[in-house]
Amino acid sequence: MHYYDSRVCLVLTTPRSPTPLLPSSFSHVTQFSPHLRKMDDLPPGSRLADVRSELAMDSESEESGSATPTNADTAKTETEPFPGTEPFPEYDESECEMLASSIAADKRREEAWIYALGKATQRENRMLHVDPNIIPYFKSDPSHRSQVVLEQLRDLLADPQMRPEIREQFITMINATLQFNLVIFHQSPEFLAPKEIEDAELHLETVLNLVEWMEENLREQLETAEQASYAIEDASLEPTSAYERLCKMATLFAKAMKKPRYLERRLLALYMDMYEEWVHTPFLLLRNHQLVNEQNPSPERTKLSRRVIIIWDLMNSCIESYGTLTWFTLEIRRQYFAPVMGYLCDSPEIWQHCWDQYQALEKDRTQASEKDLSRYATI
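Numbered according to our numbering, the sequence shown spans residues 2 to 380.
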């Protein structure tokens, strides 16, 4: 009885020490504990044997649980290699599409603002630079293109870079063209009545004189450009330094040639479109039908018809001359100036200096001639 009580005391005190939690299979631990060897000899159905087996099973499950990782732990370790850090956000296609659409909308809005501000600036320039006496187009005109071309002409004439003398000439031509259209197509039901021919000849003569002056001026510039190209070619072959050759060629170019102005060429092309819409096409269409049924030929009508065609041909010649002058300028630059400029670091400054120097000489010469004319006028 005493032996049984002491074993009970041993079992009750064993949970406070870690050694009874070890399984009985570890012989290297149990061989140093005689009390545990006595517990292995317990009968299978005793209460102490059941308690001992439960404690051993719990300890084995805890050790196996801590030693073998679960699938959840493995997945967590694979997805989160650095614990405590935020994972990389996933790609969201819908958010990227929304961002791209918002950027495109902002770009369209910016383009709309630029277009609106440009139109407002053109309107202000038109009020400042364009003569308000330009005859407005007719609201009843059926041709939408004719109205668009006239509106483009007004905007182009409002450009501050347009030379004042060119602006005045084209304003005069536009007014005369619109007056011719009014006289021929909007005054009498009969096409080319005698009174209409007399009034229309005055306006058409104004246009013809200005177009002839432009065509002659451009033809002279074209001839001068051909001669200048030969002189520049000779200067490029002289056995001097690159600096001296560039200065001489730049002086020859500035003296003989004028820079082609794209703005003026565009203005002439727009006026040609306007002339076609307002005068040339409708006039020839009606005139051809009239010739078929005309019994007695009219010299006045024939003369007016020829002038309408002559103006059209002269404007075509002006457009061709502008294109040829542009080609001459680019060709001279490519053949003669580009090779020399490649040797000099400050070639643009040399070119600009020669150009400014020649322009200053031309200005002084012009002022001197004006003084001479004014002096002779007072005598």
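Yeah, the Cβ is synthetic: ideal placement off N, Cα and C, and Gly gets one too. Note that this is a predicted model, so its numbers are computed, not measured.
#### Entry: Secondary structure of residue 164, DSSP reduced to three states
For the purposes of this step, residue 164 is taken as the residue at position 163 of the sequence shown. Coil, per DSSP.
### Task
Check whether the Cβ atoms of residue 338 and residue 227 sit closer than 9 Å, and answer yes or no.
Residue mapping note: residue 338 aligns to position 337 of the sequence shown, counting from 1. Residue mapping note: residue 227 aligns to position 226 of the sequence shown, counting from 1. Cβ atoms of residue 338 and residue 227: not closer than 9 Å.
### Query
Roughly how many whole angstroms lie between the Cα atoms of residue 324 and residue 342?
Taking the first residue of the sequence shown as 1, we reach residue 324 at position 323. Taking the first residue of the sequence shown as 1, we reach residue 342 at position 341. Their Cα atoms are separated by approximately 25 Å.
### Query
So the alpha helix (DSSP H) residue 342 belongs to, where does it begin and stop?
Sequence index remark: in the sequence shown, residue 342 carries index 341 (1-based). Residue 342 -> alpha helix (DSSP H) spans 339–342.
### Query
Would the beta-carbon of residue 232 fall within 9 Å of that of residue 257?
Taking the sequence shown and counting its residues from 1, one reaches residue 232 at position 231. Taking the sequence shown and counting its residues from 1, one reaches residue 257 at position 256. Taking 9 Å as the Cβ cut-off, residue 232 and residue 257 qualify as a contacting pair.
### Task
Would you kindly work out how many angstroms separate the C-alpha atoms of residue 313 and residue 219, rounded to a whole number?
By 1-based counting over the sequence shown, the position of residue 313 is 312. By 1-based counting over the sequence shown, the position of residue 219 is 218. If I take the Cα positions, the gap works out to 16 Å.
### Message
Between the alpha carbons of residue 367 and residue 222, how many angstroms are there, rounded?
### Response
The residue labelled residue 367 in the question sits at position 366 within the sequence shown. The residue labelled residue 222 in the question sits at position 221 within the sequence shown. Rounded to whole angstroms, residue 367 to residue 222 spans 19 Å at the Cα level.
#### Entry: 6 Å Cβ shell around residue 273 - same chain, five flanking residues per side excluded
Indexing the sequence shown from 1 puts residue 273 at position 272. The residues are 316.
### Beta-carbon proximity check, residue 181 vs residue 204, cutoff 9 Å
Here residue 181 is taken as the residue at index 180 of the sequence shown, counted from 1. Here residue 204 is taken as the residue at index 203 of the sequence shown, counted from 1. Cβ atoms of residue 181 and residue 204: closer than 9 Å.
### Message
Count Cβ pairs between the region 155–164 and the region 191–206 that sit closer than 8 Å; are there 3 or more?
### Response
no
### Task
Could you tell me the boundaries of the alpha helix (DSSP H) in which residue 251 lies?
Locating residue 251 in the sequence shown gives position 250, counting from the first residue. From DSSP, the alpha helix (DSSP H) with residue 251 extends over 243–257.
### Task
State buried or exposed for residue 331, treating a residue as buried only when at least 16 other CB atoms are found within 10 Å of its CB.
For this step, residue 331 is matched to residue 330 along the sequence shown. Exposed, since its Cβ has fewer than 16 Cβ neighbours within 10 Å.
### Task
Throw me the rounded Cβ distance for the residue 197 and residue 212 pair, which I believe falls under 8 Å.
In the sequence shown, the residue the question calls residue 197 occupies position 196. In the sequence shown, the residue the question calls residue 212 occupies position 211. Rounded, the Cβ-Cβ distance is 22 Å, inconsistent with contact.
#### Entry: Cβ-Cβ separation, residue 283 to residue 186 (assumed contact under 8 Å), whole Å
The residue labelled residue 186 in the question sits at position 185 within the sequence shown. The residue labelled residue 283 in the question sits at position 282 within the sequence shown. Sure, about 7 Å apart at Cβ, within 8 Å.
#### Entry: Of the residues 149, 293, 252 and 303, the one placed nearest residue 361, counting alpha carbons only
Position 360 of the sequence shown, counted from the start, is the residue given in the question as residue 361. Closest option to residue 361, Cα to Cα, is 252.
### Limits of the alpha helix (DSSP H) - the one that residue 220 falls within
Working through the sequence shown from its first residue, we reach residue 220 at position 219. Looking at the DSSP string, the run of the alpha helix (DSSP H) that includes residue 220 is 195–237.
### Query
Ordered along the chain, which non-local residues of its own chain (more than five positions away) have a Cβ less than 6 Å from that of residue 173?
Counting from 1 along the sequence shown, the entry for residue 173 is found at position 172. Excluding positions up to five away in sequence, the list is empty.
### Task
Could you check which residue in 319, 271 and 365 has the C-alpha nearest to that of residue 150?
Reading the sequence shown from its first residue, position 149 is the one you call residue 150. The option with the nearest alpha carbon to residue 150 is 271.
### Query
Where are the alpha helix (DSSP H) runs, 4 residues long or more, that stay fully inside the region 308–338, in chain order?
none
#### Entry: Delimiting residues of the alpha helix (DSSP H) encompassing residue 150
Here residue 150 is taken as the residue at index 149 of the sequence shown, counted from 1. Unbroken alpha helix (DSSP H) run through residue 150: 145–158.
### Task
Determine the contact status of residue 245 and residue 167, defining contact as a CB-CB distance below 9 Å.
The count along the sequence shown starts at 1 and reaches residue 245 at position 244. The count along the sequence shown starts at 1 and reaches residue 167 at position 166. In this structure, residue 167 does not lie closer than 9 Å to residue 245 by Cβ.
### Query
Taking the continuous alpha helix (DSSP H) assigned at residue 382, which residues delimit it?
A query on residue 382 cannot be resolved here, the shown segment of the chain reaching from 2 to 380 and no further.
### Query
residue 120 by DSSP, collapsed to three states: which one?
Numbered from 1 along the sequence shown, position 119 holds the residue referred to as residue 120. Residue 120: helix per DSSP, three-state reduction.
### Message
Between which two residues does the alpha helix (DSSP H) holding residue 265 run?
### Response
Taking the sequence shown and counting its residues from 1, one reaches residue 265 at position 264. Segment 263–276, the alpha helix (DSSP H) holding residue 265.
#### Entry: Helix, strand or coil at residue 301 according to DSSP, with G and I counted as helix
In the sequence shown, counting from the first residue as 1, residue 301 sits at position 300. Here residue 301 sits in helix by DSSP.
#### Entry: Minimum C-alpha distance to residue 153 - residue among 124, 169, 110 and 288
One-based indexing of the sequence shown puts residue 153 at position 152. Checked all of 124, 169, 110 and 288; the closest Cα to residue 153 is 124.
### For residue 261 and residue 302, the rounded distance between their alpha carbons
By one-based count along the sequence shown, residue 302 stands at place 301. By one-based count along the sequence shown, residue 261 stands at place 260. Spanning the two alpha carbons is a distance of roughly 38 Å.
### Query
Exposed or buried, which one is residue 188 when buried takes at least 16 other CB atoms within 10 Å?
Sequence index remark: in the sequence shown, residue 188 carries index 187 (1-based). Answer is exposed; the Cβ neighbour count stays below 16.
### Query
What separation, rounded to the nearest whole angstrom, lies between the Cα atoms of residue 340 and residue 318?
Looking up residue 340 in the sequence shown gives position 339. Looking up residue 318 in the sequence shown gives position 317. If I take the Cα positions, the gap works out to 33 Å.
### Message
Using only the alpha-carbon positions, how far apart do residue 1 and residue 250 sit?
### Response
Outside the displayed span of the chain (2 to 380) sits residue 1, for which this structure offers no information.
### Task
Alpha carbon to alpha carbon, how far is residue 255 from residue 238? Give it in angstroms, no decimals.
As a working mapping, residue 238 is identified with position 237 in the sequence shown. As a working mapping, residue 255 is identified with position 254 in the sequence shown. C-alpha separation (whole angstroms): 19 Å.
#### Entry: Proximity winner among 164, 292, 299 and 321, relative to residue 216 (alpha-carbon distances)
Numbered from its first residue, the sequence shown carries residue 216 at position 215. Answer by Cα proximity: 321.
### Task
Return helix, strand or coil for residue 77, following the three-state DSSP convention.
As a working note, residue 77 is residue 76 in the sequence shown. Note that residue 77 scores a pLDDT of 47, beneath 50, so its modelled location is shaky and nothing firm can be said.
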